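K.L.:
My questions all concern the structure below.
Residue numbers (the numbering used here): 310 to 452.
See below:
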């Protein structure tokens, strides 16, 4: 039998998933009488969008669920702050028929900030930077 964790992403859903996983891991630890980490509980961890980022944090990077939740909050500031600011400035474009113009004007300036933040996060949890996503430990879940 395999225990699978599938995490949806996309903004608030990703945050709620991180909160639910943290509560679930805590409840499992209380139930069995010892602290557990997500990589010790789940055999397979996967996700879409920002849920994929959470899957990497919990499975490959072996982050405790509370740390992954805090890291997600930090990443979401980079991911979503510019979008909120952008849409406040471009409210006149949010009308039927203006989607193509709106899509062309969405800024990509947060991409470099996000990449830098993700690289820093990975470096802080990975021993060998040359192969950061290869994990040969036998107790590692599939991510």
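The C-beta atom is built at its ideal place from N, Cα and C for all residues, glycine as well.
These figures come from a predicted structure and were not determined experimentally.
#1: When burial is assigned at 16 or more other CB atoms within 10 Å of the CB, is residue 450 buried or exposed?
#2: Using the rule of at least 16 other Cβ atoms within 10 Å of the residue's Cβ for burial, across every protein chain shown, is residue 447 buried or exposed?
#3: From residue 362 to residue 346, what distance separates their C-alpha atoms?
#4: As a quick exercise: from 452, 421, 331 and 355, pick the residue whose alpha carbon is nearest that of residue 379.
#5: Please report the distance separating the alpha-carbon of residue 311 from that of residue 351.
#6: Return the chain-ordered list of same chain residues with a C-beta closer than 6 angstroms to the C-beta of residue 382, the five sequence neighbours on each side being excluded.
#7: What does the alpha-carbon distance come out to for the pair residue 324 and residue 318?
#8: Is DSSP giving residue 315 helix, strand or coil here?
#9: Using only alpha-carbon positions, find the residue among 433, 358, 444 and 340 that is nearest to residue 385.
P.N.:
According to the data block:
#1: Here residue 450 corresponds to residue number 141 of the chain shown, with the count starting at 1. It counts as buried.
#2: For this step, residue 447 is matched to residue 138 along the chain shown. Under this definition residue 447 is an exposed residue.
#3: Residue numbering aside, residue 362 sits at position 53 when the chain shown is read from its first letter. Residue numbering aside, residue 346 sits at position 37 when the chain shown is read from its first letter. Approximately 17 angstroms between the Cα atoms of the pair.
#4: Stepping through the chain shown from its first residue, residue 379 is reached at position 70. Selected option, being the one with the closest Cα: 331.
#5: Walking along the chain shown from the start, residue 311 turns up at place 2. Walking along the chain shown from the start, residue 351 turns up at place 42. Using only the alpha carbons, I get a separation of about 8 angstroms.
#6: Translated into the one-based positions of the chain shown, residue 382 becomes position 73. If we look at residue 382 and ignore the five residues flanking it on each side, it has no Cβ neighbours.
#7: Counting from 1 along the chain shown, the entry for residue 324 is found at position 15. Counting from 1 along the chain shown, the entry for residue 318 is found at position 9. Roughly 8 angstroms between the two C-alpha positions.
#8: The residue you call residue 315 lines up with position 6 of the chain shown. Looking at residue 315 - three-state DSSP - the assignment turns out to be strand.
#9: Sequence index remark: in the chain shown, residue 385 carries index 76 (1-based). Per the Cα distances, 358.
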